[in-house]
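Colleague: Residue numbers (our numbering): 323 to 638. One structure is given below, represented as structure tokens, and several questions about it will come after.
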Amino acid sequence: TALLAAAAGGTEAGAAAAEAAVAEAKLWEDDEDHAYFSWTFHPVTQERLFLTCNRRFSEVFGAHREEILARLANYELLIQQAELDFLKIFIHDFVHPDTSMLEKYTRMSMLVPGRFGGPRTRRGAIIRNWMIKRFDSLGRLVRITHLLKEVGPEEYDEAVMLRPETCPQYVMGDLRSGKQLLEDFNTDSRRTIRAVTSNRRGSPDLRRIERALETACGQLEERLRGLALSPADPPPPPPLFKPAPPSAPQQTFTRALSKPSAPQPSSQAPPNSAEEAASRRWDGQSLGGAAADSECSEGQDESCSAILRTAKRPKG
Numbered sequence: 323t324a325l326l327a328a329a330a331g332g333t334e335a336g337a338a339a340a341e342a343a344v345a346e347a348k349l350w351e352d353d354e355d356h357a358y359f360s361w362t363f364h365p366v367t368q369e370r371l372f373l374t375c376n377r378r379f380s381e382v383f384g385a386h387r388e389e390i391l392a393r394l395a396n397y398e399l400l401i402q403q404a405e406l407d408f409l410k411i412f413i414h415d416f417v418h419p420d421t422s423m424l425e426k427y428t429r430m431s432m433l434v435p436g437r438f439g440g441p442r443t444r445r446g447a448i449i450r451n452w453m454i455k456r457f458d459s460l461g462r463l464v465r466i467t468h469l470l471k472e473v474g475p476e477e478y479d480e481a482v483m484l485r486p487e488t489c490p491q492y493v494m495g496d497l498r499s500g501k502q503l504l505e506d507f508n509t510d511s512r513r514t515i516r517a518v519t520s521n522r523r524g525s526p527d528l529r530r531i532e533r534a535l536e537t538a539c540g541q542l543e544e545r546l547r548g549l550a551l552s553p554a555d556p557p558p559p560p561p562l563f564k565p566a567p568p569s570a571p572q573q574t575f576t577r578a579l580s581k582p583s584a585p586q587p588s589s590q591a592p593p594n595s596a597e598e599a600a601s602r603r604w605d606g607q608s609l610g611g612a613a614a615d616s617e618c619s620e621g622q623d624e625s626c627s628a629i630l631r632t633a634k635r636p637k638g
């Protein structure tokens, strides 16, 4: 326990997490079909605390377990995949950040015994990979476990038809069958990202990856908008004060001081009596119509007519 605590950062929580990882690794120690390795993280700082793997995982990489763990701890373990394949897997995992169990089919290089007792050689293989994430009660990541199992090209083709989301090669635009992927593994392994990007004409592979990445980012944006507009969120509190309705625009004297246009001749007939003229004068002043302008223009100057026309206009 003291050794595990020291390896896990000297904390009791780290030692407990390391003990759980070791107990889980013992279950996979003698498994000949599944390669197993696990990372244990500090829940607060997310630093790596503990690494473990089984014997089958070290056999796949062709090294002793101690060397594998030391290289993993120092970020020196060589990637056993083509660079473009690794980029596709990285994007596939990136767009599923909160998935507790992620399954995918990938290609990788495996070390196999030579024929008739000869030296071991490497060959391409299709791997079914399960990535399991474990979180604590606060939703913080504490462990990532990987299980790797070699499968045949027929299972890969079936997964493309039934579960295409588990095949990063297919999702990123690579429509080759499982048999073709195995036949082209050595050729694809020699293609580097630097060589592909240095081509001035562009690369069809990178264009397909770009389109797939744009689609994945669009899906992430939709999920984020869905979380922001989730009906489970509480509604915003009502305002403390009810806002007042917008007021009418203020009248200014700019128009009143401007030079008014010449009065238009009235189309109405002249009044027959003094009472009728007084009545029409009252209606024109109260409604701000043409009668008020005509009365003012008959006995007053042009500025008076403009001020009355502005002041007698109904509000609003």
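Just so it is clear, CB atoms sit at the ideal spot from N, CA and C, and this is done for glycine as well.
Find the nearest neighbour of Ile531 within the set Lys410, Glu480, His418, Gln502, judged by alpha-carbon distance.
Modeller: Ranking Lys410, Glu480, His418, Gln502 by Cα distance to Ile531 puts Lys410 first.
Colleague: DSSP three-state label for Ser643, please.
Modeller: Since the first and last residues shown for the chain are 323 and 638, residue 643 lies out of range.
Colleague: Considering only residues of the same chain and omitting the five flanking positions on each side of Tyr478, which have a CB-CB separation below 6 angstroms?
Modeller: Taken in chain order, the residues that qualify are Tyr427, Ile448, Gly500.
Colleague: Are there 16 or more other CB atoms within 10 angstroms of the CB of Val366, so buried, or fewer, so exposed?
Modeller: By the neighbour-count rule (16 or more Cβ atoms within 10 Å), Val366 is not buried but exposed.
Colleague: When the Cα atoms are used, what is the spatial distance from Arg445 to Asp527?
Modeller: Going from the Cα of Arg445 to the Cα of Asp527 covers about 23 angstroms.
Colleague: How would you write the range of the beta strand (DSSP E) that Arg512 sits in, first residue to last?
Modeller: Run containing Arg512: none; DSSP gives neither H nor E here.
Colleague: Which whole-angstrom value is the C-beta distance of Arg465 and Phe379, which I expect to be below 8 angstroms?
Modeller: With 8 angstroms as the limit, Arg465 and Phe379 do not qualify as a contact, their Cβ atoms being about 16 angstroms apart.
Colleague: Can you name, in chain order, every residue of its own chain whose Cβ lies under 7 angstroms from the Cβ of Ala395, other than the five neighbours on each side?
Modeller: Once the five neighbours on either side are set aside, the close Cβ partners of Ala395 are Leu373.
Colleague: Using only CA atoms, which one of Val382, Ala357, Leu463, Met423 lies nearest to Gln368?
Modeller: Nearest C-alpha to Gln368: Leu463.
Colleague: What do you get for Ser520, buried or exposed, if any count of 16 or more other CB atoms within 10 angstroms of its CB means buried?
Modeller: Burial call: exposed.
Colleague: Among the residues of its own chain, which have a CB less than 6 angstroms from the CB of Ala357, if the five just before and after it don't count?
Modeller: Correct list, in chain order: Arg378, Phe379, Val382, Leu470.
Colleague: Residues in its own chain within less than 8 angstroms of Cys489 by CB, not counting five upstream and five downstream?
Modeller: Correct list, in chain order: Lys426, Tyr427, Tyr478, Ala481, Val482.
Colleague: Measuring CB to CB, does Ile413 end up less than 8 angstroms from Ala538?
Modeller: Yes, they are a contact pair.
Colleague: Could you say which of Leu549, Glu487, His468 lies nearest to Ala343 if we only look at CA atoms?
Modeller: Checked all of Leu549, Glu487, His468; the closest Cα to Ala343 is His468.
Colleague: Just the C-alpha distance for Ala339 and Arg529, rounded to the nearest angstrom, thanks.
Modeller: Distance between the alpha carbons of Ala339 and Arg529: 42 angstroms.
Colleague: Ala613 by DSSP, collapsed to three states: which one?
Modeller: With a pLDDT of 42 at Ala613, under the threshold of 50, the predicted position of this residue should be treated as unreliable, and no value is reported.
Colleague: Assuming Ser511 and Ala404 form a contact by the criterion Cβ under 8 angstroms, report the distance between their Cβ atoms to the nearest whole angstrom.
Modeller: About 5 angstroms separates the two Cβ atoms, so the contact holds.
Colleague: Indicate whether Arg513 and Leu406 have their beta-carbon atoms separated by less than 8 angstroms.
Modeller: Yes, the pair counts as a contact, with Cβ atoms nearer than the cut-off.
Colleague: Which class does Ala395 belong to by DSSP, given the choice of helix, strand or coil?
Modeller: The answer is helix: DSSP assigns Ala395 an H, G or I state.
Colleague: Could you say which of Val473, Arg516, Val417 lies nearest to Leu546 if we only look at CA atoms?
Modeller: Taking only the C-alpha atoms, the option nearest Leu546 is Val417.
Colleague: Tell me the rounded alpha-carbon separation between Arg498 and Glu388.
Modeller: If you take the alpha carbons of Arg498 and Glu388, they lie about 37 angstroms apart.
Colleague: State the start and end residues of the unbroken alpha helix (DSSP H) segment that holds Arg377.
Modeller: Counting along the chain, the alpha helix (DSSP H) containing Arg377 begins and ends at 377 to 383.
Colleague: Run through DSSP, which three-state label would Thr519 get?
Modeller: The answer is helix: DSSP assigns Thr519 an H, G or I state.
Colleague: Give the DSSP bridge partners of Arg465, in chain order.
Modeller: In DSSP, Arg465 forms a bridge with Thr362, Arg456.
Colleague: Going by the CB atoms, is the gap between Gly384 and Leu349 shorter than 8 angstroms?
Modeller: Contact flag unset, no.
Colleague: Pull up the DSSP beta-bridge partners for Tyr427, would you.
Modeller: Beta-bridge pairing links Tyr427 to Arg450.
Colleague: Count the other CB atoms, across all protein chains shown, that sit within 10 Å of the CB of Asn508; report buried if there are 16 or more and exposed otherwise.
Modeller: Asn508 comes out exposed.
Colleague: What is the DSSP secondary structure of Ala357, reduced to helix, strand or coil?
Modeller: Here Ala357 sits in strand by DSSP.
Colleague: Work out the CA separation of Leu460 and Arg450 for me, nearest whole Å.
Modeller: Taking the straight line from one Cα to the other gives about 30 angstroms.
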